[in-house]
Amino acid sequence: MTIAEPTVETAGRDRILDEAASLFLKQGYEAASVRRIAEAVGMQAASIYHHFNSKEDLLEVILHRGLEVMTVAFDDASTATLGAPGRERLAAHIRAHLAALYENGPYTATHVTTFRTAPENVRTTIVPQRDAYEALWTTLLNDLLTSGVLTPDTAVGPARLMLLGGMNASVEWFDPQRGSLDDLAHLITRQTLYGLSNPLKN
């Protein structure tokens, strides 16, 4: 099969997205102007509008791509752990989500840090895809509850929010250049399953 080479048009669009995602992550959506994005790419600001109608359109595509990366990571973890014990499945999905945040460029991290402050029309467009991703986690946690991995009184909805919130918030304090992603995944998995208490102490 012959793989088509990326066109100049596609390459230019992808460069803009890469630089915009990086600037949104570093500076915030409001501070990262179209002019700054254009300077980072090495083109005139007017040229950005050849590819995108507005900065909001740029953000929408970036948030969409970030969710695509996370969804693919989740599906890959599901395939890799098919038939595995519940604890291994949870650990693999936590590791996959963190890898999506830290090993796939700025798109996923930008989604995590920018979604809540994005313009309302952008959030409205992205919400169905975001809900679909969260539903994957709800299904996983329900499976773990049914199989006895989670305690019978586990409230799956709040548990999902705390787990995803904890993983996503790590972009504010975890430095993958100084810490091990495997260690972070192990820590989050352990605390999700066992909490902070010592079962040997009252």
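Quick note, in numbering that gives the first Met the number 0, the sequence shown goes up one by one and the last residue is 201. Cβ atoms here follow ideal geometry from the backbone N, Cα and C, with glycine treated the same way.
- The beta carbons of residue 17 and residue 104 sit about 7 angstroms from each other, so the pair counts as a contact at 8 angstroms.
- Counting only residues of its own chain and dropping the five nearest sequence neighbours on each side, residue 65 has a CB closer than 7 angstroms to the CB of 106, 107, 109 and 110.
- The residues 19, 23, 28, 113, 117, 118 and 121, in chain order, have a CB closer than 8 angstroms to that of residue 58 in the same chain once the five nearest residues on each side in sequence are set aside.
- For residue 32 and residue 13, the gap between their C-alpha atoms comes out near 17 angstroms.
- Per DSSP, the unbroken alpha helix (DSSP H) holding residue 141 starts and ends at 119-145.
- Between residue 72 and residue 96, the beta carbon gap of about 6 angstroms places them in contact (Cβ cut-off 8 angstroms).
- Comparing alpha carbon positions, the residue from 161, 128, 101 and 86 closest to residue 146 is 86.
- Ranked by Cα distance from residue 130, the first of 70, 60 and 165 is 70.
- Listed as beta-bridge partners of residue 103 by DSSP are 105.
- For residue 70, the three-state secondary structure derived from DSSP is helix.
- A buried status is given to residue 184, since no fewer than 16 other beta-carbon atoms sit within 10 Å of its beta-carbon.
- Judged by DSSP in its simplified three-state form, residue 165 adopts helix.
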